[in-house]
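Shown next, in structure tokens, is the structure this report addresses.
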Amino acid sequence: DQQVKQNSPSLSVQEGRISILNCDYTNSMFDYFLWYKKYPAEGPTFLISISSIKDKNEDGRFTVFLNKSAKHLSLHIVPSQPGDSAVYFCAAKGYGGSQGNLIFGKGTKLSVKP
Amino acid sequence: EAGVVQSPRYKIIEKKQPVAFWCNPISGHNTLYWYRQNLGQGPELLIRYENEEAVDDSQLPKDRFSAERLKGVDSTLKIQPAELGDSAVYLCASSLSGDNSPLHFGNGTRLTVT
Numbered sequence: 114d115q116q117v118k119q120n121s122p123s124l125s126v127q128e129g130r131i132s133i134l135n136c137d138y139t140n141s142m143f144d145y146f147l148w149y150k151k152y153p154a155e156g157p158t159f160l161i162s163i164s165s166i167k168d169k170n171e172d173g174r175f176t177v178f179l180n181k182s183a184k185h186l187s188l189h190i191v192p193s194q195p196g197d198s199a200v201y202f203c204a205a206k207g208y209g210g211s212q213g214n215l216i217f218g219k220g221t222k223l224s225v226k227p
Numbered sequence: 003e004a005g006v007v008q009s010p011r012y013k014i015i016e017k018k019q020p021v022a023f024w025c026n027p028i029s030g031h032n033t034l035y036w037y038r039q040n041l042g043q044g045p046e047l048l049i050r051y052e053n054e055e056a057v058d059d060s061q062l063p064k065d066r067f068s069a070e071r072l073k074g075v076d077s078t079l080k081i082q083p084a085e086l087g088d089s090a091v092y093l094c095a096s097s098l099s100g101d102n103s104p105l106h107f108g109n110g111t112r113l114t115v116t
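Written out as structure tokens, the structure is:
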């Protein structure tokens, strides 16, 4: 059973517009959430994170929103740029022991069109 | 800072053959992870090390997979014998100790078993 779900395999957005990538989780023990970006033939790179004590974290064009009651988080990219085209993975973890391991979603492929 | 280095980048072997992957983590990172990523999926943890100690190997298929991290730095992951279903990208990652330190991934080894 998937604990971290990214239900949209792909997303296409026009350059300059907003990209919204969604992620749902089922494990209520998760307390830290991360987004990773992956280009072809490269490993995932860390993008932004959020702790469960917050509902928003912003870093430049990237903002992550967390809705704990809905067990849902989203990544907003504004404005989107062609270089943002990549696969985005949502990941979550709990505290300590095996709960401290990152659980990844299947990813969403973002295409930003010029 | 130099990133996580993995070798080889690509490996093609016949089933029942052995194969080994090597990882050099970021200097100073005590925690090392091996993940496996199947096509269209997110990375899945195989094993996590804190220094030389494997603190979580619950997802490692121990009948054919083995790993070691001598001296708490470099690590190797071995498969013997390989099966067709082992074809995947094997990712190594490292992080500082501490629950919410982001993982830094290498570029992975793409294994094809024929």
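Same order as they appear, the protein sequences are chains Z and Y.
Final position of the first sequence in the working numbering is 227; the numbers increase by one with none missing.
Final position of the second sequence in the working numbering is 116; the numbers increase by one with none missing.
Cβ coordinates follow ideal geometry from the N, Cα and C atoms, glycine included.
For the beta strand (DSSP E) that contains residue i, what are its first and last residues?
i, result
"Y/R112", "T111 to V115"
"Z/T176", "F175 to N180"
"Y/Q61", "Element bounds for Y/Q61: n/a, residue is neither H nor E."
"Y/Y12", "Y12 to I15"
"Y/A134", "Residue 134 of chain Y cannot be examined here, being either before or after the span of chain Y that is shown, 3 to 116."
"Z/F146", "Y145 to K151"
Compare the C-alpha of residue i against each of the options and name the closest.
i, options, result
"Y/T78", "Y/D58, Y/I28 and Y/L34", "Y/L34"
"Z/K181", "Z/I190, Z/S162, Z/L124 and Z/Y138", "Z/Y138"
"Z/E171", "Z/L124, Z/V225 and Z/I190", "Z/I190"
"Y/A84", "Y/Y37, Y/A4, Y/K13 and Y/V6", "Y/K13"
"Y/E55", "Y/N26, Y/I81, Y/I15 and Y/R71", "Y/R71"
"Y/S97", "Y/R11, Y/R50, Y/F23 and Y/S9", "Y/R50"
"Y/V115", "Y/N109, Y/S89 and Y/D59", "Y/S89"
"Y/P23", "Y/V7, Y/G100 and Y/P45", "Per the sequence shown, residue 23 of chain Y should be read as Phe rather than Pro. Of Y/V7, Y/G100 and Y/P45, the residue nearest in Cα terms is Y/V7."
"Z/A204", "Z/G196, Z/L223 and Z/L215", "Z/L215"
So with Cβ pairs under 9 Å, would you call residue i a contact of chain Y?
i, result
"Z/N140", "no"
"Z/F159", "yes"
"Z/A204", "yes"
"Z/S187", "no"
"Z/G156", "yes"
"Z/S198", "no"
For residue i and chain Z, any beta-carbon pair shorter than 9 Å?
i, result
"Y/A95", "yes"
"Y/E55", "no"
"Y/E16", "no"
"Y/G42", "yes"
"Y/R71", "no"
"Y/R50", "yes"
"Y/D58", "yes"
"Y/E46", "yes"
Tell me, which residues are paired with residue i by DSSP?
i, result
"Y/R38", "Y/E46 and Y/Y92"
"Y/E70", "Y/T78"
Contact set between the stretch 170-184 of chain Z and chain Y, restricted to residues whose Cβ is under 8 Å from the partner: For the stretch 170-184 of chain Z, the beta-carbon criterion of a distance under 8 Å to any beta-carbon of chain Y is satisfied by none of its residues.
Chain Z contacts from the stretch 99-114 of chain Y (Cβ-Cβ distance under 9 Å): When CB distances to chain Z are screened at a threshold of 9 Å, the residues of the stretch 99-114 of chain Y falling below it are D101, N102, P104, L105, H106, F107, G108, N109, G110 and R112, in chain order.
Against chain Y: residues of the stretch 122-148 of chain Z by CB proximity under 7 Å: Taking 7 Å as the Cβ-Cβ cut-off against chain Y, the residues of the stretch 122-148 of chain Z that qualify are Y145 and L147.
Residues, ordered as in the chain, of the stretch 211-225 of chain Z that lie near chain Y by beta-carbon distance below 7 Å: Of all residues in the stretch 211-225 of chain Z, S211, G213, N214, L215, F217, G218, K219 and G220 have a Cβ within less than 7 Å of some Cβ in chain Y.
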